[in-house]
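From first to last, the protein sequence lines stand for chains A and B.
Okay, so the first sequence: first residue is 1 according to the UniProt record's numbering, each after it adds one.
Okay, so the second sequence: first residue is 1 according to the UniProt record's numbering, each after it adds one.
Just so you know, even glycine gets a beta-carbon here, dropped at the ideal spot from N, CA and C.
Keep in mind it's a predicted model, so treat the numbers as computed, not measured.
Contents: one structure, followed by commentary.
Protein chains: 2
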Amino acid sequence: MSDAISDTSDTAAAVPAADLPNLLIASNKIDGTKVATRDGDSLGSVYSFMINKRTGGATYAVLRLGGFLGMGKSYYPLPFEMLSYDPATDRYVVTIDRRLLEGGPSWANNPPEFNQAYADRVSNYYGVAPVDLSLS
Amino acid sequence: MSDAISDTSDTAAAVPAADLPNLLIASNKIDGTKVATRDGDSLGSVYSFMINKRTGGATYAVLRLGGFLGMGKSYYPLPFEMLSYDPATDRYVVTIDRRLLEGGPSWANNPPEFNQAYADRVSNYYGVAPVDLSLS
């Protein structure tokens, strides 16, 4: 932690963060965050996070990708644990093969109800543990 | 978990969730989520969550409250752990005294840079553990 960032005086709140990205992002500013492949190629951007209201944790990230097979923009939900944040470039890196993503659950114009069944479908496709979305 | 929610067939994704709230909320739909006091009185709404880009966790919730002392809408950041989600009413309940909130860090027209110094100020005010926002 740098001295500038760890400064806890009230006045420091007014100091611009210069060129350092901020580790916090407002939920209404997530749209557009860049996403790259592990090779560093631009893949698309984050459209939204699907957030567990109880825990506050981002459970899925919905990526917006364009140009696959000549079609328009499509939306690809991905388990959040498959994204890693790279502070050096202030973007996410996805460590799966692009073709795996292209074959995964997605939509173009009609977003699904992101309920237990759909969440299970996404988790199953990517081979991660299912998320319990029951309310009780 | 009810049978309806635990159904994992693909076709179930198209079934409307009826009157049950969904545990997941899209980050671009958080604005407007209701917030009540522990007595059940309406307090305001969530404007946004401040999300840790690395962990995906909501670290602070920014509440939008109006009418304090006759002024317009103001924004009050609160450590996320001070909110609890009530699925019965699909809203958050804040367990602190309203006057404590009114005296806390807030802004009206000029949002602060939500950096380490500001985050520490919020955490200190509410007496919760500081959050490390260093990028390294």
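Same chain only: Cβ atoms within 8 angstroms of residue i, ignoring 5 sequence neighbours per side
| i | result |
| --- | --- |
| G66 (chain B) | G44, G72, K73 and S74 |
Reduced DSSP category for residue i - H, G, I as helix; E, B as strand; rest coil
| i | result |
| --- | --- |
| S74 (chain A) | strand |
| A88 (chain A) | coil |
| R64 (chain A) | strand |
| V46 (chain B) | strand |
| K29 (chain B) | helix |
| N22 (chain B) | coil |
| L133 (chain B) | coil |
| residue 137 (chain A) | This structure leaves residue 137 (chain A) out entirely; chain A is present only between 1 and 136. |
| T59 (chain A) | strand |
Below-8 angstroms beta-carbon distance, residue i vs any chain A residue
| i | result |
| --- | --- |
| S42 (chain B) | no |
| R98 (chain B) | no |
| G57 (chain B) | yes |
| Y85 (chain B) | yes |
| N109 (chain B) | no |
| K73 (chain B) | no |
Residues of its chain near residue i, where Cβ-Cβ distance is below 6 angstroms and the 5 sequence neighbours each way are ignored
| i | result |
| --- | --- |
| L20 (chain B) | none |
| V62 (chain A) | Y47, S48, Y75 and P77 |
| Y126 (chain B) | P79 |
| D86 (chain A) | V93 |
Below-8 angstroms beta-carbon distance, residue i vs any chain B residue
| i | result |
| --- | --- |
| P21 (chain A) | yes |
| R64 (chain A) | no |
| Y76 (chain A) | no |
| L133 (chain A) | yes |
| D31 (chain A) | yes |
| K53 (chain A) | yes |
Own chain, CB closer than 7 angstroms to residue i, minus 5 neighbours either side, in chain order
| i | result |
| --- | --- |
| S106 (chain A) | S74, Y75 and Y76 |
| I96 (chain B) | M82 |
Chain-ordered neighbours of residue i on chain C, where CB pairs are closer than 9 angstroms
| i | result |
| --- | --- |
| S48 (chain B) | Although the question refers to chain C, the structure presented lacks it and instead comprises the protein chains A and B. |
Of the listed residues the options, nearest to residue i (C-alpha basis)
| i | options | result |
| --- | --- | --- |
| K29 (chain B) | A:K34, A:D39, A:T37 and A:M50 | A:M50 |
| A119 (chain A) | A:T89, A:R98 and A:D132 | A:D132 |
For this session: Identify every run of the alpha helix (DSSP H) within the stretch 79–128 of chain B, keeping only runs that are complete inside it and at least 4 residues long; order them along the chain.
Result: Look at the stretch 79–128 of chain B and you find these whole runs of alpha helix (DSSP H), each 4 residues long or longer: 98–102 and 116–126.
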